[in-house]
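J.: For the sequence shown, this note's numbering begins at 5 and goes up steadily by one.
Glycine included, C-beta positions come from ideal geometry on N, C-alpha and C.
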Amino acid sequence: MVGKRKRSKKLKKHANFMPVKFISSKFNSLKEKIISIFSIHKHIPLRTKKVHFAYGKKEILRNLNLSVRTSQIIAVVGKSGSGKSTFLNLISGVLTSNFDGSISILGHDRLLSKKDIGFVPQEIALIPDLSILENIIFFGSLNGLSKTVALTAGKNLLSILKLNISLTRLPSELSGGQKVRLNILVSLLHNPKMLILDEPFVGLDYYNRKMLWHFLAYQKNRRRTVIITTHLLVEAEHHSDRLVLLNDGKIFAKGKLKDIRNKLKIKYVVEVKLDYINKSQFKSLEKYCKDRNIALMDRFNSYVMFAVHSEGQRNYLFKFIEKLGVGFEELSFREPNLDEVFLKVGNDEIK
Numbered sequence: 005m006v007g008k009r010k011r012s013k014k015l016k017k018h019a020n021f022m023p024v025k026f027i028s029s030k031f032n033s034l035k036e037k038i039i040s041i042f043s044i045h046k047h048i049p050l051r052t053k054k055v056h057f058a059y060g061k062k063e064i065l066r067n068l069n070l071s072v073r074t075s076q077i078i079a080v081v082g083k084s085g086s087g088k089s090t091f092l093n094l095i096s097g098v099l100t101s102n103f104d105g106s107i108s109i110l111g112h113d114r115l116l117s118k119k120d121i122g123f124v125p126q127e128i129a130l131i132p133d134l135s136i137l138e139n140i141i142f143f144g145s146l147n148g149l150s151k152t153v154a155l156t157a158g159k160n161l162l163s164i165l166k167l168n169i170s171l172t173r174l175p176s177e178l179s180g181g182q183k184v185r186l187n188i189l190v191s192l193l194h195n196p197k198m199l200i201l202d203e204p205f206v207g208l209d210y211y212n213r214k215m216l217w218h219f220l221a222y223q224k225n226r227r228r229t230v231i232i233t234t235h236l237l238v239e240a241e242h243h244s245d246r247l248v249l250l251n252d253g254k255i256f257a258k259g260k261l262k263d264i265r266n267k268l269k270i271k272y273v274v275e276v277k278l279d280y281i282n283k284s285q286f287k288s289l290e291k292y293c294k295d296r297n298i299a300l301m302d303r304f305n306s307y308v309m310f311a312v313h314s315e316g317q318r319n320y321l322f323k324f325i326e327k328l329g330v331g332f333e334e335l336s337f338r339e340p341n342l343d344e345v346f347l348k349v350g351n352d353e354i355k
């Protein structure tokens, strides 16, 4: 009996002390990891994971994975029909159709995060029959703002956007650039943490584009995240922190321009003006380029653009053209800009 009692006490000690301490330690460790992960996700403005979207049987977006940090301007670029506007409509919650994958805004589902998003559509969303003042009050109310709060925010944004106009005027009385800026203003009255703009530069002259880029930089410096789509590739390259290149509904490449160049394996472009070249000679030139992984990117009459990996490859190319008996003049040898990167993507897709 005594032996059984001793053994019973040992078992009780094991049951009540060692496993509980072990489980408690594991639980606390797991809890800390979950809190840490949630805290990290909470500070990530946008995270998409394996996003897939289709209209019926037509695939529009395929396997989109993207994380965006605070205080960045992200330019989503790509040819028409690549899925840019659909992507923005989806992450902003404007497009409510079912999709596969996940989209989170500051750690929350996109539909629960509308207060954190300011979405500016490509089309002017202003109510034409309402004055500017009435538009400000109306759009403020859509985001739960009182008349006083909306007008205070509106007047502040009017100053920042350099809109020195009477609030009694109708939108139809404004210039194109003023309408675009007012369209942005009414979308930002609720002071969102993320600005999403679909083709905001369409139809704007250089002065208005420059003013808008300065405004976006101002928002970025106030710890806002800005996501735009645009076809102005050179300006996007210059003003954005990261580029996201969509092609055929997929993220083809992302990062700085140099990252996209590296993925495409395009280091330099060479532009030449050829003297007369017959079909047979040009076919030989095409074969030479194909065999040596030189991209023949563009041709217009006697002007031809090549993508090469090195200065040495350029020199061998020139020797071959001379061997063909074709005279030429080199116009430029330099790193490609974003427009020329697009040419390479388009040519690869056609092939």
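What's the call for Gly7, buried or exposed, on a 16-neighbour Cβ count within 10 Å?
T.: With a pLDDT of 49 at Gly7, under the threshold of 50, the predicted position of this residue should be treated as unreliable, though the coordinate-derived value follows. With fewer than 16 Cβ atoms within 10 Å of its Cβ, Gly7 is classed as exposed.
J.: What residue range does the beta strand (DSSP E) around Val274 cover?
T.: Note, Val274: beta strand (DSSP E), Tyr272 to Leu278.
J.: Could you tell me if Ser108 is buried or exposed, where buried requires 16 or more neighbouring beta carbons within 10 angstroms of its beta carbon?
T.: With 16 or more Cβ atoms within 10 Å of its Cβ, Ser108 is classed as buried.
J.: Can you give me the C-alpha to C-alpha distance between Leu162 and Glu177, rounded to a whole angstrom?
T.: Approximately 16 Å between the Cα atoms of the pair.
J.: Looking at C-alpha atoms only, which residue of Asn195, Cys293, Lys258 and Phe286 is the closest neighbour of Lys345?
T.: Inspection of the sequence shows that residue 345 is occupied by Val rather than by Lys. Ranking the options by Cα distance to Val345, first place goes to Lys258.
J.: When you compare the segment 187–204 with the segment 224–238, are there three or more beta-carbon pairs, one atom per stretch, that lie closer than 8 Å?
T.: Contact between the segment 187–204 and the segment 224–238 is present, because at least three Cβ pairs lie under 8 Å.
J.: Just mark Gly82 as buried or exposed, buried being the case when its beta carbon has 16 or more other beta carbons within 10 Å.
T.: With 16 or more other Cβ atoms within 10 Å, it is buried.
J.: Are the CB atoms of Leu94 and Phe123 nearer to each other than 8 Å?
T.: No. Outside cutoff.
J.: May I have the straight-line CA-CA distance separating Ile298 from Val206, to the nearest angstrom?
T.: Whole-angstrom Cα-Cα distance: 35 Å.
J.: Closer than 6 Å by C-beta to Leu99: which residues in its own chain qualify, once you throw out the five before and the five after it? Chain order, please.
T.: So the qualifying residues of the chain are Asn93.
J.: Taking Ile77 and His242 to be in contact with their CB atoms under 8 Å, please state how far apart those CB atoms are, rounded to whole angstroms.
T.: Going by Cβ atoms, the distance from Ile77 to His242 rounds to 11 Å, so no, they are not a contact pair.
J.: Taking only the alpha-carbon atoms, compute the straight-line gap between Pro340 and Val312 and give it to the nearest angstrom.
T.: Whole-angstrom Cα-Cα distance: 10 Å.
J.: Looking only at its chain, what residues have a beta carbon closer than 8 Å to the beta carbon of Asn139, apart from the 5 residues adjacent to it on each side?
T.: Once the five neighbours on either side are set aside, the close Cβ partners of Asn139 are Leu130, Ile131, Pro175, Leu186 and Val190.
J.: Grab me the residues of Ser150's own chain with a C-beta within less than 8 Å of its C-beta, minus the 5 sequence neighbours each way, in chain order.
T.: Counting only Cβ-Cβ distances below 8 Å, and skipping sequence neighbours, we find Gly144.
J.: Pull up the distance between the alpha-carbon of His45 and that of Asp209, whole angstroms please.
T.: Low confidence applies here, because His45 scores a pLDDT of 49, under 50, leaving its location unreliable; read the following figure in that light. Answer to the nearest angstrom: the Cα atoms are 39 Å apart.
J.: Nearest by alpha-carbon distance to Lys327: which of Val72, Leu289 and Ile188 is it?
T.: That would be Leu289, whose Cα lies nearest to the Cα of Lys327.
J.: In this structure, how does DSSP classify Val184 when only helix, strand and coil are distinguished?
T.: Note: Val184 maps to helix in three-state DSSP.
J.: Helix, strand or coil, according to DSSP, for Leu161 in the structure here?
T.: Correct three-state label for Leu161: helix.
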